[in-house]
Amino acid sequence: MSCPTFFFPPTTTPKPLPPLHAKLPSPSTIPTTTTTLPPLHRRHFLSLSLSASVLLLPATPARAASEEEYIKETEGVINKVRSTFKLEKTDPNVADAVAELRESSNSWVAKYRREKELLGRSSFRDIYSALNAVSGHYISFGPTAPIPAKRKARILEEMDTAEKALVRGR
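As numbered in our numbering, residues 279 to 448 make up the sequence shown, in order.
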């Protein structure tokens, strides 16, 4: 059914609706507590703004290492690669040595690949390439598979070149 006011206009003017007010308690029933804030001095403002700016600054990545630490860890990785290559295929410690080599090479790569000042160094480039070849071989063929002679020669050559570059500070 439709409303008759749509068809026939009302003859009287509509009454305005009463306003909706929430019942507020009277001011005498509200407990009042007055707290005085200490005045904000310039030194307080500066210390607060300084601490806020420190919190809002983007976190910078931690420096990976010093020059000496880079040289020491790189030489350690080179020695691990060489000692792993010297093991015979039938040696029962090959799988453990390869697992240790992969762990140390992964940690070396994770630590130094984001260092901008190392990316252009020839020692970093050669070691990174050699470790990539070693890891790729062991991932593809397993820890007991021997490295082919050509690949082994290329890896050892890159290791030698990187070691010479480390001595020269490159």
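Just so you know, even glycine gets a beta-carbon here, dropped at the ideal spot from N, CA and C.
Return the Cβ separation of Ala377 and Pro424 in integer angstroms, given the expectation that the two are a contact with Cβ distance under 8 Å. With a Cβ gap of about 16 Å, Ala377 and Pro424 do not count as contacting.
Look up Val445 in the DSSP assignment and say whether it is helix, strand or coil. If DSSP states are grouped into helix, strand and coil, Val445 belongs with the helices.
Would you report the Cα separation of Tyr416 and Arg446, rounded to the nearest angstrom? About 31 Å.
Runs of alpha helix (DSSP H) wholly within the stretch 337 to 402 (minimum 4 residues, chain order): 345 to 364, 372 to 390, 394 to 397
Test item: CB-CB of Ser407 and Glu366 under 8 Å: no
8 Å CB neighbourhood of Gly354 in its chain, flanking five on each side removed: Ser382
Quick check: the Cα distance between Lys358 and Ser401, rounded to an integer number of angstroms? 16 Å
Assuming Arg399 and Arg448 are in contact, meaning their beta carbons sit under 8 Å apart, how far apart are those beta carbons, in whole angstroms? 6 Å
Option in Leu444, Leu396, Arg380 with minimal Cα separation from Ser361: Arg380
Can you tell me the Cα-Cα spacing of Asn371 and Leu409, whole angstroms? 20 Å
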